[in-house]
Amino acid sequence: MASDNAERQYLIAREMDLLLAEGERTENHLFDLDYENDNDPEVKKQKAWLDHIRARRDVLDEELHELQGIQRRADVVQLDDRRNR
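Per the working numbering, residue 8 is the first one in the sequence shown, and the count goes up by one each step.
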């Protein structure tokens, strides 16, 4: 379980890093465009993609915090078990 948790945390962190890089690339592309022109289909597409990236990062961030909480609780239980021996 602990190794599964650690592996999942690693994978989430890796995906978040990739999304951060993609978000930066998308923001740079938007600045190259007239990003305030919401009538431009490419601007709309890039803004939608950026919103998707941000939403995915939010979901991953929540999941990562949950997994870290589980890990902390498991660490506390493990420490208590060691003390009680």
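Just so it is clear, CB atoms sit at the ideal spot from N, CA and C, and this is done for glycine as well.
Since the model is a prediction, treat every value here as computed from it, not as a measurement.
Quiz item: How many angstroms separate the CA atom of V83 from the CA atom of R15?
Solution: Going by the C-alpha atoms only, they are around 20 Å apart.
Self-check item: Of the residues N46, K52, R61, the one placed nearest E22, counting alpha carbons only
Solution: Comparing alpha-carbon positions, the option among N46, K52, R61 lying closest to E22 turns out to be R61.
Quiz item: Taking the alpha helix (DSSP H) that E73 falls in, what are its first and last residues?
Solution: From DSSP, the alpha helix (DSSP H) with E73 extends over 48 to 90.
Quiz item: Quick one, are the C-beta atoms of E34 and L40 less than 8 Å apart?
Solution: Their beta carbons are not under 8 Å apart, which means E34 does not touch L40 by this criterion.
Quiz item: Going by the CB atoms, is the gap between L26 and R64 shorter than 8 Å?
Solution: Cβ atoms of R64 and L26: closer than 8 Å.
Quiz item: Can you name, in chain order, every residue of its own chain whose Cβ lies under 7 Å from the Cβ of L67, other than the five neighbours on each side?
Solution: Here L67 has I19, E22, M23 as same chain residues with Cβ atoms under 7 Å from its own Cβ, once five neighbours each way along the sequence are excluded.
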